[in-house]
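Notes follow once the structure below has been shown.
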Amino acid sequence: MKSVSQVVASLSHVPGVVAAMVVGAVDGLIVETSAVLGATDGAGDPRKHTAALAAYLYAKVTRASNAARLGKPAFMRLEAEKGHICVVGARDVVLVTIVTPDANLGRVRLDMMTAAKGDQ
Amino acid sequence: MTSPTVAEAWVAAPLRRLMEDARLISGVLLYPTGRAVGQFGFSNAADVMSICALTSAINASARELGRQLDGKPFYELYHAGAERQVFMARATAGGQEFLFVGVFDRESSLGVVEIYFAEFQKALEKLLPEKQATVPGPSGDFEGELNRSLDALFGPIGKR
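Chains C and R supply the protein sequences, listed in that same order.
Taking the numbering used here, the leading residue of the first sequence gets 358, the next gets one more, and so forth.
Taking the numbering used here, the leading residue of the second sequence gets 28, the next gets one more, and so forth.
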C-alpha cells in the first residue's frame, strides 16, 4: 500500500492535474498536498478552501447517494468553467484533485480510484 | 437558525454570514475582557455570560500555555466532542482584538469553519469603525462590562 505522500506524488504527475491532495473526510483539513502547478505568487493558494469545501461536498453527496439508495459514491467530478474538481473517498480521507479542462479525465479517474483502493 | 443579536451593529452582517456559511449552531463574539459584542444561537443571557467568562479565561490560559510550551501564544483552540465541536479563535481588526467561540456539529467541519472564520476576520477589518480602534482596554470592572454587554444583547434584567 502506498503512503499518502506517494499517493499525492503519483496523482500530481498525471497529465492535467494542477494539484492533488489527501484531505481528512470529517474535518476537511489537508493531510498531504502537492504544489499547485503553474501557481504564481500573486494568485491566492486555492488548496485550503478547495480541500475543506470538496470534503464537505463529498459528505453531502454521500448523504444524497444513500438517500437515493445508491450506496457510497464511487467518484465525484465537479465540472466548472475552467476545469474540474475530482473527489474519491478512501475510508477516513478523501482524495481531491484540481484538474485542467483538457485533462484526460479517464486517466485521472482510474488513478484516483486505484489509489483510493490502495491496491497499487 | 436564529439571527445574531449584537451590542455593536457593525458586526451583525459578518456574524450572520459566518453563522450561515460555516453552519454554526451557536457562537459568541467578545472582547478579550469578556464583554460580549454579538451572539447567535442563545436565548439565555446567563449562558452567554458563562461563555464570555470562560472564553476570556481560556484565552488567557491558552496564551500563557503557548508561551510556556512553544514560546508564542496559542490563538486557536479546537475541541471535538462526541456530537458537537467547539472552535475558539481570536480575530484582530485595526489593532483591536476580539475572541470568537463557535459550536458546530457534523453538518459542518473544522476546515469549513476555519476558512469562513478567515473571511469573517477580513470582513471585520474592512468594517471596523474608526472609533473602535481605540476601544476598549480592561476597565477593571469585569462584571459591570459583562452585564452592560448582556443588557445590549438581551435587554435589561427584568425585561428579558
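Beta carbons are placed, not taken as given, at the ideal position from N, Cα and C, and that holds for glycine.
Between L42(R) and chain C, is there a C-beta pair that is closer than 8 Å? no
Apply the 10 Å Cβ neighbour rule to D468(C) and answer buried if 16 or more other Cβ atoms are within range, or exposed otherwise. buried
Give me the chain C residues within the contact set of L137(R), using Cβ-Cβ distance strictly less than 9 Å, ordered along the chain. G381, V383, D384, G385, L386, A409
Considering A424(C), what are the terminal residues of the alpha helix (DSSP H) in which it resides? 404-424
Assigned secondary structure, L368(C) (DSSP; H/G/I helix, E/B strand, else coil): helix
Any idea if S53(R) is buried or exposed, counting beta-carbon neighbours within 10 angstroms, 16 or more meaning buried? buried
Tell me whether Q95(R) is buried or exposed, calling it buried when 16 or more other Cβ atoms sit within 10 Å of its Cβ. exposed
Cβ-based neighbour list, L51(R), same chain, cut-off 8 Å, excluding 5 preceding and 5 following: L45, F67, G68, G129, V130, F131, S135, V140
How would you label T60(R), buried or exposed, when you count the other beta carbons within 10 angstroms and need 16 or more for buried? buried
Kindly indicate which residue of T419(C), A396(C), A421(C), S362(C) has the alpha-carbon position closest to the one of I455(C). A396(C)
Within 10 angstroms of the Cβ of Q148(R), are there 16 or more other Cβ atoms? Answer buried if so, exposed if not. buried
Taking the Cβ atom as the reference point for each residue, do A460(C) and P403(C) lie within a distance shorter than 8 Å? no
Just to confirm before moving on: does the CB-CB distance between G446(C) and Y415(C) stay below 8 Å? yes
Considering only the beta carbon of each residue, do I78(R) and L104(R) sit closer than 8 Å? no
Starting from K405(C), find everything on chain R with Cβ-Cβ shorter than 9 Å and list it in chain order. G138, E141, I142, A145
Residue environment, S83(R), which counts as buried when at least 16 other CB atoms sit within 10 Å: buried
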